[in-house]
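Residue 342 in the UniProt record's numbering sits at position 342 of the sequence shown; the count goes up by one each step and never skips. Ideal placement from N, C-alpha and C gives every residue a C-beta, glycine not left out. The structure displayed is predicted, hence computed values, not measured ones.
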Amino acid sequence: MLASATPPLPGSQLPPASPFPLLLLAVLSGPASGRVPRSVPRTSLPISEADSYLTRFSVPQTYNYSVLLVDPASHTLYVGTRDTVFALSLPFSGERPRRIDWMVPEAHRQNCRKKGKKEDVSSFQQVERLENGRGKCPFEPAQRSAAVMAGGVLYAATVKNYLGTEPIISRAVGRTEDWIRTETLPSWLNAPAFAAAMALSPAEWGDEDGDDEIYFFFTETSRAFDSYERIKVPRVARVCAGDLGGRKTLQHRWTTFLKADLLCPGPEHGRASSILQDVAILRPEHRSETPIFYGIFSSQWEGAAISAVCAFRPQDIRTVLNGPFRELKHDCNRGLPVMDNDVPQPRPGECITNNMKLQQFGSSLSLPDRVLTFIRDHPLMDRPVFPTDDHPLLVTTDTAYLRVVAHRVTSLSGKEYDVLYLGTEDGHLHRAVRIGAQLSVLEDLALFPEPQPVESMKLYQNWLLVGSRTEVTQVNTTNCGRLQSCSECILAQDPVCAWSFQLDACVAHAGEHGRLVQDIESADVSSLCPREPGEHPVVFEVPVATAAHVVLPCSPSSAWASCVWHQPGGVTALTPRRDGLEVVVTPGAMGAYACECQEGGAARVVAAYSLVWGSQRGPASQAHTVGAGLAGFVLGVLAASLTLLLIGRRQQRRRQRELLARDKLPDALGFSCSVLVLARVCASFIPAGGPP
């Protein structure tokens with residue numbers, strides 16, 4: 001039971017010295033313990049506090065703000081909703097947007113209903129558009145798809161038929177019959193759920209001899225496991241932009257389609273990270289560095305809110321795609337590596353390079369049939385792609401992440417840090433920074449008044465744009481002014497923010513060093529910030545009774561803080577809890593309690609209490625009360641005994657009188673009965689006319 005604290009007495013403050021000797025108790029299991037993993041957000045802002053930092057856009061009776069497209073050249077955000085496309089100037093601040101409405105013809109609406117589609121989830125924008133959308137986008141929003149533009153050409157991963165049973169990865173240019181697409185084989189794509197598509201140019205590899213490469217990230221049903229339940233496997237596939245298909249074998253089909261497993265081990269050695277939710281690419285500004293893929297993985301099993309974040313390097317994916325192929329044995333559905341001697345030359349699945357052109361292979365049309373047949377039958381690689389450092393950057397067992405975006409920020413020291421924004425299933429935004437091989441969640445921001453999934457996210461300069469079912473939310477990623485003190489600014493560990501002694505404020509730095517301090521990796525407040533005046537909290541008096549269980553709350557602003565309790569020396573029964581300290585009340589437990597939390601070398605008291613006897617009565621008064629109670633109990637017993645004795649005597653006298661009266665009772669009863677019978681007999685013989 002949580003004890004309710006009485007209002008503090010006027011002038012109450014934390015006493016400099018308690019009348020009782022103080023002991024120190026480390027709270028090891030509380031939320032502010034130093035043992036809390038960095039997957040737990042350091043601070044959390046509820047919607048009541050976060051709303052002042054957000055800008056919202058929505059239109060009445062318009063829903064599904066799920067498609068966002070940023071045009072940096074025109075500073076415009078295009079928002080695709082049901083039946084409407086909006087164009088908003090960035091950053092938006094409530095101005096009237098431009099819009100294009102497209103009402104569905106009733107004939108098309110009826111056609112969808114006849115085919116079994118529900119009106120509340122179906123997408124009608126693909127019917128008789130200026131450009132045919134078949135094979136470029138799904139038939140309804142529930143079907144996962146991905147697309148990317150490279151060199152002015154659209155590469156799409158979606159479904160081709162209305163039922164969604166024919167997955168396809170294609171280069172959608174020209175006539176549909178001239179497209180280059182995947183083969184309709186389960187070994188190529190087996191019920192995939194596409195997550196993302198990325199294009200990498202040779203310049204990003206530092207390889208001018210290469211070709212543009214398109215990467216598709218998805219989850220599909222594995223054919224390599226013997227199980228009654230379908231096992232989902234996250235995978236990455238790659239095709240080359242210059243692929244023209246084969247001349248006879250694999251006509252209008254990819255000759256460079258290769259795929260490999262993505263391994264993001266979780267608490268259950270990979271089983272908990274089998275669904276790939278989203279992938280973000282971080283492109284560095286320097287040519288000497290290669291891009292990084294950040295992926296969000298979740299559990300296949302229902303009821304497990306497990307999420308993992310893993311980073312993958314494109315060169316590691318390339319290494320796996322250049323490794324051994326996997327051979328699926330149809331009799332047992334188990335994969336075995338293909339021996340090198342069984343792999344034809346030139347190597348199947350390779351992009352056409354200048355070296356291959358010197359060998360008379362000018363394009364994929366000139367590849368021999370044995371190479372094309374091999375790649376048709378062996379699209380899967382034998383080895384998986386491991387994440388950087390061979391482990392996840394973040395694993396959480398109580399949060400379901402759905403979307404991720406990433407960008408690189410330069411700190412005050414010039415060192416670069418990757419900052420990730422993670423959208424959750426219940427409409428929260430987690431801001432995390434990568435420090436070494438670990439991802440630390442700095443902040444949890446509630447985005448919407450009602451819980452709803454984050455459906456899309458885009459970055460524009462210093463703004464994060466979040467789409468959901470009911471609105472588009474704009475978040476300022478450089479809102480350092482919310483941090484009010486030097487210690488708060490340093491402990492936030494935000495690479496964007498630094499404390500300015502000149503302005504006495506936390507500001508978004510631009511690389512300047514004039515009287516600015518920042519510490520991302522250790523957050524050493526004690527050496528960077530001047531000692532701030534101690535602010536003692538108000539002491540709450542808590543009236544208690546003997547043997548009561550009282551919980552004294554302690555809720556530091558940071559979940560990463562390490563807290564200790566100061567309490568009287570006579571207390572014997574203490575239990576640290578997640579929400580504070582549980583005390584069993586004894587005479588020795590009376591006195592002052594203080595919860596002191598430390599982070600970054602700075603400590604302060606965040607809660608203070610004083611246990612007092614109820615109604616201001618001490619132990620002596622309690623002893624007197626107990627004695628009086630015992631005396632009253634004895635007197636009550638004596639009075640009850642006398643009362644029972646008197647009642648017993650009265651009942652005995654009444655019983656004697658009844659026995660005496662019983663002897664005279666037959667005569668009286670006989671007389672009365674005779675009179676009664678006589679009266680009835682006489683009445684029965686009275687003439688009908690009445691007495692004479």
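Compare the C-alpha of residue i against each of the options and name the closest.
i    : options                : result
A197 : V85, G591, K136        : K136
Q359 : V40, P346, C351, G467  : P346
Q300 : V585, L276, T165       : L276
M457 : D261, D278, G206       : D278
G600 : E204, N322, L491, V475 : L491
P265 : P348, Y417, P387, K329 : P387
E459 : F501, R318, S273, R403 : It should be pointed out that residue 459 corresponds to Leu in this sequence rather than to Glu. Checked all of F501, R318, S273, R403; the closest Cα to L459 is R403.
S557 : G588, A607, M590, R515 : A607
E488 : V551, T165, A603       : A603
V148 : S170, R134, R99        : S170
L336 : L380, S58, K415        : L380
G152 : A280, A199, R175, L185 : A199
G436 : P453, Y417, P449       : Y417
L262 : N355, A195, T255       : A195
S74  : V605, L90, N476        : L90
E204 : E285, A589, P60, F540  : E285
K259 : S485, F216, V59        : F216
A510 : P314, H536, T478, Q502 : T478
L282 : L503, E541, V405, S145 : V405
Could you pull out every residue in the same chain whose Cβ sits closer than 6 Å to the Cβ of residue i, ignoring the five residues on either side in sequence?
i           : result
L45         : L445
Y78         : L69, A87
R247        : L365
F139        : Y162
residue 694 : For residue 694 there is no data in the structure shown, the boundaries of the chain being 1 and 692.
P451        : D426, G427
V67         : G80
F374        : P344, P348
E327        : L336, V338
C100        : Here residue 100 turns out to be Ile, not Cys, going by the sequence shown. Excluding residues within five positions, the ones whose Cβ falls inside 6 Å are V85.
Apart from the five residues just before and just after residue i, which ones in its own chain have a Cβ nearer than 8 Å to its Cβ?
i    : result
G481 : A505, C506, V507
D211 : P202, C240, A241, G242, C351, I352, T353
V585 : V544, A545, T546, A547, A548, H549, V550, L611
V121 : Note that V121 scores 44 on pLDDT, short of 50, meaning its location in the model is unreliable; the coordinates nonetheless yield the value given after this. Hits under 8 Å: E140, P141, A142.
T165 : V159
T219 : P192, A193, A195, K232, V233, P234, R235, S274, I275, L276
T249 : D369, L372, T373, R376
Give the C-beta separation of residue i and residue j to the nearest angstrom, bearing in mind that I take them to be a contact with Cβ-Cβ under 8 Å.
i    : j    : result
V40  : A548 : Rounded, the Cβ-Cβ distance is 32 Å, inconsistent with contact.
E183 : R376 : 6 Å
L244 : S363 : 5 Å
T473 : L447 : 5 Å
V309 : L429 : No, V309 and L429 are not in contact; Cβ-Cβ is about 14 Å, not under 8 Å.
R515 : S500 : 6 Å
I214 : R238 : 7 Å
L552 : Y609 : 5 Å
What are the partner residues of residue i, as DSSP defines its beta bridges?
i           : result
S456        : G467
P553        : G580
R596        : For the record, residue 596 in the displayed sequence is Glu; it is not Arg. In DSSP, E596 forms a bridge with V564, V605.
P337        : R326
N476        : W463
C310        : G295
C497        : A508
I180        : R171
E401        : A small fix is needed here, since residue 401 is Tyr in this sequence, not Glu. Bridge partners of Y401: T424.
residue 702 : Limits of the chain in this structure are 1 at one end and 692 at the other, which puts residue 702 out of reach.
H513        : Answer is none; H513 lacks a bridge partner.
L321        : Looking at the DSSP assignment, L321 forms no beta bridge with any residue, so it has no partner.
G591        : L611
C240        : E213
Only counting the same chain, and skipping five residues up and downstream in sequence, which positions put a Cβ closer than 7 Å to that of residue i?
i    : result
Y63  : T81, R82, R469, T470
A400 : S298, A305, S307, T424, E425
I168 : G135, T158, V159, K160, R181, T182
Say the cut is 7 Å; is the CB of residue i nearer than that to a heavy atom of the ligand ATP?
i    : result
S558 : By its list of ligands, the structure shown contains no ligand whatsoever, and the ligand ATP lies outside what it can speak to.
Flag residue i as yes if its beta-carbon sits less than 8 Å from any beta-carbon of chain C, otherwise no.
i    : result
D340 : Absence of chain C from the displayed structure is noted, only one protein chain being present.
Across the stretch 386-404 and the stretch 276-294, are there enough close Cβ pairs to call them in contact, namely three or more that are closer than 8 Å?
yes
Pairing CB atoms from the stretch 491-502 with CB atoms from the stretch 394-413, are three or more of them under 8 Å?
yes
Check whether the stretch 459-479 and the stretch 414-432 are in contact - that is, three or more C-beta pairs closer than 8 Å.
yes
Contact between the stretch 564-571 and the stretch 581-600: three or more CB pairs below 8 Å?
yes
Indicate whether the contact test is met: 3 or more Cβ pairs, each with one atom in the stretch 213-225 and one in the stretch 178-196, closer than 8 Å.
yes
Would you be able to state if there are at least three C-beta pairs under 8 Å between the stretch 566-585 and the stretch 514-525?
no
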